[in-house]
Amino acid sequence: MTMTTRYTGLIERYRDRLPVSAETRIISLGEGDTPLIRLENIPRLLGRRVELYVKYEGLNPTGSFKDRGMTMAVTRAVEEGSRAIICASTGNTSAAAAAYAARAGITAFVLIPDGKIAMGKLAQAMMYGSVVIQIKGNFDDGMRLVKEVAGEAPVTIVNSINPYRLQGQKTAAFEIVDELGRAPDYHCLPVGNAGNITAHWIGYSEYACGGRDCVTEACAFCNGECRFVSGGPVSTSRPKMVGYQASGSAPFLRGHMVDHPETVATAIRIGHPQSWEQAWQVSRESGGWFDECSDEEILAAQKLLTEREGVFCEPASATSLAGALRDIRSGKIPEGSTVVLTLTGNGLKDPDTAIAQCTQKPVTIEAELDSVKRAILDAL
Ligand code: F0G
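The numbering of the sequence shown is full-length UniProt numbering, which starts it at 1 and goes up by one.
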């Protein structure tokens, strides 16, 4: 007899650690289980002895980590009888909300900043059939409006202030520990609204938590009453959490909210992060830090990763590499460390920014052998 184990998404995989019951109808597109790729060429280039991995979240069904949270948020919204969901978004949340709403047969309303989201993301929101509302304002304006309207209309908010979003997203940390056999020493990721850094910390904490006899100090997420303890802790440690922001949108570096955020990494063009307190807590508890990267550093890191490792992520995602490169070079992240970088979204989401930064443009030639030969010789 042959046994097949078809992967059916992260809720099924981690169901004993997620808020679902046996009766719950799960809305899934097979999200999660993304590759943890060990970088080979970049560490060599750096000349530093670090074990450097990227968690390629761009390979989720809609091309970003948002699918992890959305499978959970939409599953629970449907279970609770909701017929419509709503979010503000810099693009990826709207793509995920639209896709999971389509799957569930409910309506998604998405508020996006007019002209400031990457083309691929807009195409997704439109194709999946959501109601796309472009606002003459930024993400933070959209977030405020979503909160206001949800108080007056029968719609469920699926931004990361919806607690089920973080529950879904924490599974990325589970996958990393399951695969490495331990928690990394450092986990670096881009920070916008700060939901993802918070979600990862929940995941790492739950895996390190032993419930009543908890070995983890000050595990604020369980207060010693963690219900996810069958068999005891999976991991004996948690990583230092390092959050990188784009310089023009860096409230965690400024120490206060930023009213007019700007950056080429439109996904993290956010000045008023919703998980402000939580992210500070993560940083303190984990012994990590925040830092900022310029747009130039972000784009250079995106190109480096694509050219040297064959991994194409969107600009916001490359912020984690841009920051980590600097901290590895300086020794702040010491040699001998195991480091995981989250690549939050797929490079195909934002073809305009990618093409604009390629100095080597395609050549156009006659469709004949001699011209092809000449083009090859010219390039050698
Ligand atoms: N990277 C990408 C590609 C994102 O889309 C986002 C957030 C982040 C990083 C930051 O994650 O907000 O949890 O700190 N995008 C949201 C959106 C805001 O609307 O798609 P965070």
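We treat Cβ as the ideally placed atom computed from N, Cα and C, and that holds for glycine.
Note that the coordinates shown come from a computational prediction; the quantities given were computed from them, not determined experimentally.
Is the distance from the Cβ of residue i to the Cβ of residue j below 8 Å?
i: proline 239; j: aspartate 185; result: yes
i: proline 315; j: leucine 325; result: no
i: glycine 120; j: leucine 341; result: no
i: threonine 90; j: isoleucine 133; result: no
i: methionine 70; j: valine 149; result: no
i: phenylalanine 139; j: isoleucine 270; result: yes
i: threonine 75; j: glutamate 57; result: no
i: threonine 353; j: serine 317; result: no
i: proline 251; j: valine 242; result: no
i: valine 78; j: arginine 25; result: yes
i: aspartate 67; j: leucine 29; result: yes
i: cysteine 87; j: valine 131; result: no
i: leucine 189; j: glycine 142; result: no
i: aspartate 291; j: glycine 255; result: no
i: phenylalanine 174; j: glycine 203; result: yes
Say yes only if the C-beta of residue i is nearer than 7 Å to one or more non-hydrogen atoms of the ligand F0G, and no if none qualify.
i: lysine 116; result: no
i: glutamate 307; result: no
i: valine 191; result: yes
i: glutamate 314; result: yes
i: threonine 90; result: yes
i: threonine 364; result: no
i: alanine 194; result: yes
i: lysine 55; result: no
i: serine 317; result: yes
i: lysine 147; result: no
i: threonine 8; result: no
i: isoleucine 161; result: no
i: isoleucine 197; result: yes
i: threonine 344; result: yes
i: lysine 66; result: yes
i: alanine 267; result: yes
i: glycine 85; result: Note on residue identity: the sequence assigns isoleucine, not glycine, to residue 85. Answer for isoleucine 85: no, Cβ out of range of the ligand F0G.
i: isoleucine 270; result: yes
i: phenylalanine 139; result: yes
i: leucine 71; result: In the sequence on display, residue 71 carries threonine and not leucine. For the ligand F0G, not one heavy atom lies less than 7 Å from the Cβ of threonine 71.
i: threonine 359; result: no
i: threonine 93; result: yes
In three-state terms, what does DSSP make of residue i?
i: aspartate 291; result: strand
i: glutamate 152; result: coil
i: phenylalanine 252; result: helix
i: glutamate 23; result: coil
i: leucine 380; result: coil
i: serine 94; result: helix
i: alanine 218; result: Confidence is the limiting factor: at alanine 218 the pLDDT is only 39, short of 50, which leaves the residue's position unreliable, though a coordinate-based value still follows. The answer is coil: DSSP assigns alanine 218 none of H, G, I, E or B.
i: arginine 212; result: Confidence is the limiting factor: at arginine 212 the pLDDT is only 48, short of 50, which leaves the residue's position unreliable, though a coordinate-based value still follows. Correct three-state label for arginine 212: helix.
i: histidine 260; result: coil
i: tyrosine 207; result: helix
i: isoleucine 86; result: strand
i: residue 385; result: With the chain running from 1 to 380 in the structure shown, residue 385 is simply not present.
i: arginine 326; result: helix
i: serine 64; result: strand
i: glutamate 31; result: coil
i: glutamate 225; result: Note that glutamate 225 scores 49 on pLDDT, short of 50, meaning its location in the model is unreliable; the coordinates nonetheless yield the value given after this. DSSP places glutamate 225 in coil when its eight states are reduced to three.
i: isoleucine 176; result: helix
i: lysine 373; result: helix
i: phenylalanine 139; result: helix
i: isoleucine 133; result: strand
i: arginine 17; result: helix
i: glycine 115; result: coil
i: valine 54; result: strand
i: isoleucine 161; result: coil
Pick from the options: whose alpha carbon is nearest that of residue i?
i: threonine 107; options: Gly115, Leu304, Ala98, Thr24; result: Ala98
i: methionine 72; options: Pro190, Ala199, Arg374; result: Ala199
i: threonine 171; options: Trp201, Arg329, Thr236; result: Trp201
i: lysine 361; options: Ala379, Phe65, Ser21; result: Ala379
i: residue 381; options: Ile333, Ser320, Ile270; result: It is not possible to answer for residue 381, since the shown part of the chain is limited to 1 through 380.
i: glycine 9; options: Ser21, Glu31, Arg15, Val78; result: Glu31
i: tyrosine 128; options: Gly115, Ile161, Thr93; result: Thr93
i: isoleucine 328; options: Asp16, Pro43, Asp33; result: Pro43
i: arginine 15; options: Ala367, Gln167, Asp350; result: Gln167
i: residue 424; options: Ala95, Leu304, Ala354; result: Residue coverage of the chain in this structure runs from 1 to 380, which leaves residue 424 outside it and unanswerable.
i: isoleucine 135; options: Phe109, Leu343, Ser275, Pro61; result: Phe109
i: glycine 114; options: Thr266, Tyr53, Ala22, Ala301; result: According to the sequence shown, residue 114 is aspartate rather than glycine. The candidate whose alpha carbon is nearest that of aspartate 114 is Thr266.
i: threonine 263; options: His256, Thr319, Thr236; result: Thr319
i: cysteine 313; options: Arg284, Val363, Gly336, Asp350; result: Asp350
Using a threshold of 7 Å, is the CB atom of residue i nearer than that to any non-hydrogen atom of the ligand SAM?
i: isoleucine 157; result: No copy of the ligand SAM appears in this structure; the ligands present are the ligand F0G.
Is the CB of residue i under 8 Å away from at least one CB in chain C?
i: asparagine 196; result: The question asks about chain C, but that chain is absent: this structure has only one protein chain.
Does the stretch 190 to 202 come close enough to the stretch 280 to 292 to have 3 or more Cβ pairs within less than 8 Å?
-> Verdict: yes, contact present.
Taking three-plus beta-carbon pairs below 8 Å as touching, is the stretch 65 to 85 in contact with the stretch 137 to 156?
-> yes
Using 8 Å as the Cβ pair cut-off and three pairs as the minimum, do the stretch 239 to 253 and the stretch 294 to 311 touch?
-> yes
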